[in-house]
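A.B. asks: Numbered by full-length UniProt numbering, the letters in the sequence shown go through residues 1 to 163 in order. Note that beta-carbon positions come from the ideal geometry of N, C-alpha and C, so glycine has one too.
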Amino acid sequence: MTTVTTTAPPTPPPPQHGETYRLALPHTPTAPRIARSFVSSLLTVSDHDALVDDARICVSEVVTNAHRHTRTPLIRVAVIVGISQVTVAVTDDRPWLLPVPTATARARGSAVDGVEVGPGQGGFEDGRGIALVASLAHAWGTTIYASDPTGRKAIWFTRESPG
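And the structure:
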């Protein structure tokens, strides 16, 4: 059973006059699929059809990372739908696990626009998801909630509508 609850919004850069939609997903293997459907539906009904495919890929990568690398009971997804852009933020409870530049990733060619896999975080495939997000997003980043006693971070990305 999937439970949908409202959550406190993360703090990515604000879009122009947007509406915020939130989804809290249990830490299960189906979380990425549910997040993809949620984002797809929002973008379709808000006339951002051109952003659906890339946003689905990006949210899938970020939610998959939260599922694989954290034990957070809830993976929170916030989608801010603006006039000409959409920002998606995925919040988890591991603020110390961030993408960092490494020479190893550079040597194996997994860097895209300076985003590379972090050291010691897994096998050959690790780190490619965030590089993919960087290549598809107009902007992306990490917000760490230092004042939050539970220790949270949000990985966010923004896509702009063409034209």
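Could you pull out every residue in the same chain whose Cβ sits closer than 6 Å to the Cβ of S60, ignoring the five residues on either side in sequence?
C.D. replies: Same-chain partners within the cutoff: P32, R36.
A.B. asks: At which residues does the alpha helix (DSSP H) containing T44 begin and terminate?
C.D. replies: Segment 31-45, the alpha helix (DSSP H) holding T44.
A.B. asks: What is the residue span of the alpha helix (DSSP H) that A66 lies within?
C.D. replies: Per DSSP, A66 belongs to the alpha helix (DSSP H) from 52-69.
A.B. asks: The beta strand (DSSP E) that contains G141, what's its start and end?
C.D. replies: From DSSP, the beta strand (DSSP E) with G141 extends over 139-145.
A.B. asks: Do T72 and A78 have their beta-carbon atoms positioned less than 9 Å apart in this structure?
C.D. replies: Cβ atoms of A78 and T72: not closer than 9 Å.
A.B. asks: Is it buried or exposed for T30, if we count other Cβ within 10 angstroms and need 16 for buried?
C.D. replies: That one is exposed.
A.B. asks: Could you tell me which of W156, F157, D92, D47 sits nearest to A24, measuring between CA atoms?
C.D. replies: For A24, the nearest C-alpha among the options comes from D92.
A.B. asks: Name the DSSP bridge partner or partners of L23?
C.D. replies: Per DSSP, V77.
A.B. asks: Can you check which of these residues, A131, L132, T87, S161, is closest to A154 by C-alpha distance?
C.D. replies: Nearest of A131, L132, T87, S161 to A154, Cα basis: T87.
A.B. asks: Pull up the DSSP beta-bridge partners for R128, would you.
C.D. replies: Per DSSP, none; premise fails for R128.
A.B. asks: Alpha carbon to alpha carbon, how far is V52 from I80? Give it in angstroms, no decimals.
C.D. replies: Cα-Cα distance, rounded: 14 Å.
A.B. asks: What residue range does the beta strand (DSSP E) around T28 cover?
C.D. replies: Per DSSP, T28 belongs to no beta strand (DSSP E) and is neither H nor E.
A.B. asks: How big is the Cα-Cα spacing for residue 180 and T64?
C.D. replies: Nothing about residue 180 can be read from this structure; the chain reaches only from 1 to 163.
A.B. asks: Identify, in the order they occur along the chain, each residue of the same chain with its Cβ nearer than 6 Å to the Cβ of L74, setting aside the five sequence neighbours on each side.
C.D. replies: Only A24 meet the Cβ criterion.
A.B. asks: Of the choices T20, Y145, I57, I144, whose alpha-carbon is the least far from that of A131?
C.D. replies: Out of T20, Y145, I57, I144, I57 has the C-alpha closest to the C-alpha of A131.
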